[in-house]
Every structure is written in structure tokens, then in C-alpha cells.
Amino acid sequence: MSLSIIILLIPIFMFLLLGLSGHKMKPQVAGILGTLGLATMAVLSYFIAFRYFFVEGKVGEVYLKLIPYNMKWIQFTEFLRIDLGILLDPISVMMLVVITTVSLMVHIYSMEYMKGEKGFHRYYALLSLFSFSMLGLVVATNIFQMYIFWELVGVSSYSLIGFYYTKPSAIAASKKAFIVTRFADLGFLVGILLLSYYTKTFDFSALTDPNGSLITQPVTATFLGAGVISWAMSLIFIGGAGKSAMLPLHIWLPDAMEGPTPVSALIHAATMVVAGVFLVARLFPVYVFVTPAVLNGIAYVGAATSLFAAIIACTQTDIKRVLAFSTISQIAYMIVSLGVSGYGGHEGLGYMASMFHLFTHAFFKALLFLGAGAVIHAVHSNEMKDMGGLRKYLPITNRTFFIACLAIAGIPPFSGFFSKDEILVAAFHKDIVLFACQYLVAGLTAFYMFRLYYSIFWGKDTHYHHAPHEGGMSMSLPLIFLAALTCVTGFVPFAELITSDGKAFEIHTEWIVAIPSVLVGVVGIAVATLMYKKETAMPDKVTASVGGFYKAAYNKFYFDEIYMFVTKQIIFKRISTPIAWFDRHIVDGFMDLQANMSQNASSKIKGLQSGNLKQYNWVFVMGAIIIAALVLFV
Amino acid sequence: MQENDKKLRIMNIPMQYFLVLSTFMFFAGIYGFITRRNMLAILISLELVVNAVDINFVVFNRYLYPGSMEGFFFTLFSIGITAAESAIAIAIIINIYRNLHNIEVRNMNKMKH
């Protein structure tokens, strides 16, 4: 367990090494160094996961929260202080494994994908920074430490989206991502302050202890008709919604696809975007026991987001954007699952399912993105219309992508089936509306993923100028490894390892949910096969028949335009402009007035300094006489 | 006896005589300081002022506190400092002469540069 600190030290050391002296190395050396560091971290985290789950973590029936390191950092008051430390519990150990695995795959993949790019060492340095911040986020012992790493994650995401800094669209996308998430983080910060003010602690262990003071003695203070803790937890969720791209803060994620594709795989599919889910899971006992209404709201936000994103994903033509919306939809799935969960035993099925889906989704979505990267690498385009018939040219990518599509569509025995099924079961027992919504989304997911798959690898036979070919070994290996993971991770016994109260419970397959969920996936795939496997006129007919709706979905339901309208027309024009006027004319005017007054006064008295010795003599003598007179007669 | 006589004779001169003399010197110095055009003349006027003050020191010491010596010593210091000051002033005046080829005060109007 004491090795856990090394997992955090390696990436920050790599970041400093590659960032400060990377330009002196050969690019390949920088890449290999970064990859080796990550490989060490991955091995360490597997070791820690093994030790935690099978040797040290379990005492009796319960997985404990272990804190191998804790350092007092800032003492605010007698009770309130900020620590820096490492907290190991089932979800953080699970996240360690996910992050280091996906990050290692991305590191290896990027050796080939990013070869010859300007700033290769910068890329690896930033990847290390990101790994550091994300790992720091998941092992944070208290909410403030989490917030610090939360912002670091945002910064490294910003720099990686804007990696191609000479491309205006990448710059715009990176700024958009940073501003939107930062805006949401304001809510997070206010929530933290409120929560810590009323509970006198930042510590996760104290906050989420079911016998702790927050849960057993609820705070009674209210604000605007709702309890302050409800406000705090809602605001904290807004922070999580920003990072996890929940409605209506999702607008940055599709644009973030401007970054290099491996970065999208790591940050915008597998790790950073699940930070919001992780946050809710981390504070889960508080949500369940103190603010169940907020948790319910979270479930509905998640359901709306997942449906909304799935509909948009059906219409997009940029393959990375399809994957981006699919990511939004799947993260919303996890959020719904948390929202419908209870605490302890079988009640906590949703919690377990959410973490399970997070785990499996990280691998198959990273695989999808890396596969998309291989396709883009081969045809040099993101648009579906430039692709088609690629199965002949990219056999490995084709097969691995197919496996990932089956997994996300929820076809057994691939991993997505198991986790998605648990989510549907949890929703089914809690709220039939949410279940119906998620059920529909499952069908849509299967449809748009296979639409994507067929458009890339089947469909029309496009003629390419140069025959597309697979990338080298370092691109194929991660694909194969992740595909293997996609096949096996579904069999991980999550209900025994990661549960809401740390105790294992029995799950039994509920055929009443499992069979329809497979069926709807198969139907989605079948429809997509009919429409897109061969080039037909059917897609056009279907889009024509739902014309207006298609157009709205294609334009992402005009969310960007609404944001533009609100910011440009309302905030900038109606609020900012008058304030700017006030600043320029009243505030600045007052300062200018003072400056002008002193300038005038100085020009009046500067005649005294004439430089004429004769005059100086006079002034000196007269001054002496006046002073003498004053001394004598006054 | 001879010594004592001399002392008595000086003591017979009333203090006011000395003070009147020093006042004349002082105001003559001030007058010269303001009206003279030549910098050397101004320097001489300044010497007059300082000497008038020195006389005052000595006189007050001699008449009011006959037993103590502070006034005399202070005068000695003052004379020394005045000498040093004159040396500096003359050095400045020589430099001015080298630059302007005269030492008229009315030409000294570039001192703010």
C-alpha cells in the first residue's frame, strides 16, 4: 500500500523531465520515457489492486477505506483543515487500474499515431501531467484536495485539446472546454464551501460515514425553501455535470474532439469525463441519506442527457463526434444508475452497476476512439462520406472495432452487456419511466454504433488515392489488448468487490430485463444493418420523413446557438456593455479626474523650480526671514 | 596685573557694541548675498554672515557664561567648516567659469537641467 505514493510521483516527475528537457531529447526517447513511466505505474496499480482486494483491504466482510498517506497542509480553524493524502477504497483502486491501463494503451498508441508531430515531447509531458492529476483526483482524501486535482485535470485537458495550437478551431474548442467546465466548477467550489461551513470538515471519511454527524444529525438550516445541504450537494453535482458533460453543460465535449484522437480516448472517453460520476459515487452516502431529492434530480438529468445525446449521435457524420455523443450518453447512463441506487446490499445495485459500467465503458470506449484514430490515420479524414469499405484495408481495426461496437450495444458475452444489464435492472426496480428511457437509449445506442461501424467498414466502396493501411505494431497492440479486455471485463465479479457499503452481495440475472435488453440491442443492430450495410437510398428516405426533427438533431438541437445567443445577445449586449460603460466613464472618469487635478496643480507650482540661482537666493533668504519671524513673533 | 587689566578693559566694552557690529556684518552679508552679481562676491557675503554669527557665539560665551568654553570651540569648528565650504564653492565656481567663461549669477539659469 505504501507504494501508492510512487504512482503519483512518477507522472509528475515525468512531466517535469519531459516538459523541461524534452526538447533536447530525440522525440522517440521522450515517448519511450513517458511510456516506461506509465508502464511502471500500471504495474504498481495492478499490484495495489491485488493487495487491496485480496489481501489487505478486506476486514471481515467489509472493504475499508485505507489512508496510507496523510499530510496536514492548511489548518483553517480548530476543526477545518485541508490535508493532502491518499485514500484507497474500492472505487479509487478501481479507478487507479482504469486510468493507468487506458493511459498506458494511449501512450503506446501515440508513439505511432503522433510520430513526426511538432511538439512530440510536449504531448507526452502533458499526458503525464494529466495522468498525475487524474490519479490525484481519484485518491483524494478530502473534497478540497479533489478540487485542486479537479482543476489540474481541467488545465491538462485544456492544453491537450489545444495541442494543435496553430489551428483556430482547436484553440476555440480548448477555450470552450475550459470556460464551460470552469463555470461549472464555480458551482462545485461554492458547494464545497457551503458543505464545509456546515459540517466543519472536508474529509471524505467523515462526510460519508453512515454513522457520521452529517448523516445522523442533519443540518436544519435552510435557504430559499431548501436545506443548505441540498443546495451544497446540488452545486457540487453541477461541478460534476460540467466535467461529465451533462445537459446543459455538455456543449464542450463534442468540440473537444479537435484534440489528437488518443487524447480523446484517454481524457474525453475513459477517464476525465467520468470524474463527475466518480464525484457522485464518492459522496454517495450523503446523497442517499441526506438529500435523496437531489439524487432523484440527478437521475432525471442523467436520463434526459442520455436520451438527448443518443438521438444526436444518430445524425452526426463526423466519426469522432458520434463517439463523443455516445460518450455523453453512456456517462449519463452511469449517472442514472447512481441516481436510482439505494445504500447497502442489493439496494445498492445501482451504485455497483454504475461503477461496473464506468469500468467496462472505459475500455471499450477507449478502444472505439483508438480504432477511430486508426481509421483517421489511414484515410486522413473525420467524415463518414470519405470512408466506406475499409474492412479490406484495416483488418485488425475492423475486428476490434466490431467487438467494441458489440460491447457498447449490450450483446453478451461482451463487457457492455453485463454492466448495462445491471443498470437497467436497477432502474427497473426504482422508476419505470427512467427504465423506459434507458431502454430506448440502449436500442438507439446499438443503432448509431452500427451505423458508424457500417459507414466506416462496409457501405459504399470508396476509392482511395493511396491504399489505406494499418498503423504499425504500436497502434495495433493497444487495440488488440483493449479488445481482449472488452471480452473479459464483463466477468469481473463486481458485486463482490465494489459496493455502496463495502459488503459483497449476490446478484442474479433477471431474465425479465436481460432478454429484452439484448433484444432491443439486436433490433438496433438489425435496423442499422438494413440501412447502412449496403449503400441504399433508405437512410435518405428516413431522414426525409422526419425532416425537421432530423435537422434539429443534426444541429445538436441548437444548443450551441442558444448559448451563443444568451452570451452574445443577452450577457454581452445587455449586461456587459452597460457595465463596461460604467467602468470606462464613471470609475475610470473618477481616477482620471484625480490624475488631471494633480497634474494641473503640479504645472502651477513647477514655476518655482526655475533653475535660476538668483531666484533661489531670494527664496532662500525670504524663507529664512519668514521662519525667523514666525519663531520670534508667533 | 597686566593681564587682568586687559581683561577688565575688554569687559568694560558693553556687550551691545559687539552685537551691533555683528548685526551690521550679518545684514551687510545678507544684502550682498541678494544683490551681488558676481559669485565670488556672493561667497564673500556668505563669509560675512558666518563671521557675524561666530562673533555672536564668542560674545555670548564671554559675557554670559564666562566660565565655560563651548562657544569658543564651536566657533573654531564653524571657522573650519566655513573654510572647507569655501574651498568647495571656489572649486564649483572655477568649474562654472570653465564652462560659461564668466561667473555672473544671472547666467546661472540652467540649474534645473
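So the sequences go chain by chain: A and B. Under my numbering, residues 1 to 634 are what the first sequence spells out, in order. Under my numbering, residues 635 to 747 are what the second sequence spells out, in order. Where a beta carbon is used, it is the ideal one built from N, C-alpha and C, also for glycine.
Cutoff 8 Å: residue i Cβ touching any chain B Cβ
| i | result |
| --- | --- |
| A:Ser157 | no |
| A:Ser598 | no |
| A:Val619 | no |
| A:Lys604 | no |
Beta carbon proximity, residue i to chain A, threshold 8 Å
| i | result |
| --- | --- |
| B:Met659 | no |
| B:Asn743 | yes |
| B:Phe667 | yes |
| B:Val684 | no |
Proximal residues to residue i (C-beta, below 6 Å), its chain only, five neighbours per side dropped
| i | result |
| --- | --- |
| A:Ala170 | Gly162, Tyr164 and Glu258 |
| A:Pro260 | Phe163 |
| A:Pro468 | Ala378, Val379 and Tyr393 |
| A:Leu406 | Phe414 |
| A:Gly191 | Ala232, Leu235 and Ile236 |
| A:His463 | none |
| A:Ala309 | Phe325, Ile328 and Ser329 |
| A:Gly31 | Met111 and Tyr124 |
Other residues of its chain near residue i: CB distance less than 7 Å, five sequence neighbours each side excluded
| i | result |
| --- | --- |
| A:Ala313 | Val322, Phe325, Ser326, Ser329 and Tyr448 |
| A:Met146 | Leu137 and Ala140 |
| A:Pro68 | Met1, Ser2, Ser4, Ile86 and Leu88 |
| A:Met95 | Val138 and Phe278 |
| A:Gly187 | Leu235, Ile238 and Gly239 |
| A:Lys200 | Phe79 and Leu80 |
Under 9 Å by beta carbon: chain B residues contacting residue i
| i | result |
| --- | --- |
| A:Leu630 | Those do not exist, as A:Leu630 stays about 18 Å from chain B at its closest Cβ, beyond 9 Å. |
Residue i, buried or exposed, once every other Cβ within 10 Å from all chains shown has been counted against 16
| i | result |
| --- | --- |
| A:Leu338 | buried |
| A:Gly136 | buried |
| A:Leu630 | exposed |
| A:Tyr262 | Here residue 262 of chain A is Pro; the residue named in the question, Tyr, does not match the sequence. That one is buried. |
| A:Leu452 | buried |
| A:Val336 | buried |
| A:Ile498 | buried |
| A:Gln599 | exposed |
| B:Asn729 | exposed |
| A:Thr271 | buried |
| A:Lys320 | buried |
| B:Asn736 | exposed |
| A:His508 | exposed |
| A:Arg574 | exposed |
Closer than 8 Å at the beta carbon, the chain A residues around residue i
| i | result |
| --- | --- |
| B:Ile664 | Val621 |
Neighbour list for residue i in chain A, Cβ cutoff strictly below 7 Å
| i | result |
| --- | --- |
| B:Val739 | Leu613 and Lys614 |
Neighbourhood of residue i by C-beta distance below 8 Å, restricted to the same chain and skipping five residues each side
| i | result |
| --- | --- |
| B:Asp688 | Thr709, Ser712 and Ile713 |
| A:Met384 | Thr317, Asp318, Ile319, Leu452, Ser455 and Ile456 |
| A:Ser92 | Val138 and Val139 |
| B:Phe661 | none |
| B:Arg740 | Arg671 |
Can you list the beta strand (DSSP E) stretches of 3 or more residues lying completely in the segment 255-337 of chain A, in chain order? Within the segment 255-337 of chain A, no complete beta strand (DSSP E) segment of 3 residues or longer occurs.
Could you tell me which whole beta strand (DSSP E) segments of length 3 or greater appear in the segment 188-252 of chain A? none
Quick check for students: name the residue ranges of the alpha helix (DSSP H) that lie wholly in the segment 465-523 of chain A, counting only runs of 4 or more. List check, alpha helix (DSSP H) in window: 473-488 and 494-497.
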